[in-house]
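Beneath this line is the structure, given in structure tokens, with notes to follow.
Residue numbers (our numbering): 852 to 1121.
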């Protein structure tokens, strides 16, 4: 593995991601769900998210049946560049809130920063197999310029709505990744032809501690599991009081300890 790839993938001791086992990933693939809106704000966020999702699909001509490699490469770049925004924004809000109130944050900031870093790593991994052109880069900038102010205002007024919105966003990501994985593993599809035998990038092998002979689809499976985790985290935050302690603090410690153990013993995720 190249030194610069290893440096980019090594998160031991800083926003440590969860190292998934095959069994954990398979369990999430077999237990995919959609949250059913309960409150008025839930319905608003659900309708907003899925209106944006279907509009995006229509404008880009996306087809769920046998998509091309190039269409999925572009879709992943757009998805991950957007998904990395809310966590960092929410962490910033809570950071300044903690400073203003002279009180602890009780673990939320750590969880939100890990989410933002995880989504950014997804983007870096995807950019190893996909190239972003000028149009894509301009679109990413435009989305950040419109999405960030909207989420900032909404988080200042009603943070639970933002977390519910992100929960629904992550649900679309989960279903997108599951569909991609199924197409890659199905002979005769465009994605199987282009990606079935593609090796995993070094940065993905280092980040999820994959075997050295891991395939690109193993990276996709790990990204799918990460998105499932973000979905669950945000749907949980959406029903919590902002002053409640984060229920995920112990998980971050366990993730760091597992990563350190694997690194020390020179073991891989599977």
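Where is the CB? At the ideal position from N, CA and C, for every residue including glycine.
Remember, predicted model here, so these are calculated numbers, not experimental data.
Asked, Found
"Exposure of residue 952, with buried meaning 16 or more beta-carbon neighbours within 10 Å", "exposed"
"Contacts around residue 1043, its chain only, beta-carbon distance under 8 Å, and the 5 residues preceding and following it disregarded", "1034, 1035, 1036, 1037"
"Endpoints, alpha helix (DSSP H) assigned at residue 1092", "Here residue 1092 belongs to no alpha helix (DSSP H), and DSSP marks it neither H nor E."
"Residue range of the alpha helix (DSSP H) that includes residue 909", "891-911"
"Status (buried if at least 16 other CB within 10 Å, exposed otherwise) for residue 1062", "exposed"
"Backbone CA spacing between residue 925 and residue 981 [nearest angstrom]", "7 Å"
"Distance CB(residue 896)-CB(residue 1001) smaller than 7 Å", "no"
"Residue 869 versus 1119, 1077, 1117, 968, residue with shortest Cα-Cα distance", "1077"
"Short CB-CB distance (under 7 Å) between residue 961 and chain C", "Any reference to chain C falls outside this structure, which holds one protein chain only."
"Own chain residues within Cβ distance below 6 Å of residue 972, not counting five before or after", "1058"
"Nearest candidate by alpha-carbon position, reference residue 879, set 1026, 1101, 941, 1018", "1026"
"Residue 1010, buried or exposed, once every other Cβ within 10 Å from all chains shown has been counted against 16", "buried"
"Proximity to residue 1140 [Cα-Cα], best of 1116, 930, 1103", "Lying before the first or after the last residue shown, residue 1140 is absent from the chain, which here runs from 852 to 1121."
"Environment of residue 1071 [buried if 16+ CB atoms lie within 10 Å]", "buried"
"Beta-carbon proximity check, residue 1106 vs residue 867, cutoff 7 Å", "yes"
"At least three beta-carbon pairs within less than 8 Å, the stretch 1087-1101 to the stretch 958-965", "yes"
"Sequence-distant residues of its chain with Cβ nearer than 6 Å to residue 939 (five each side left out)", "967"
"Pair within 7 Å by beta-carbon distance, residue 1089 and residue 1018", "yes"
"Three-way DSSP call (helix, strand, coil) for residue 1066 in this model", "strand"
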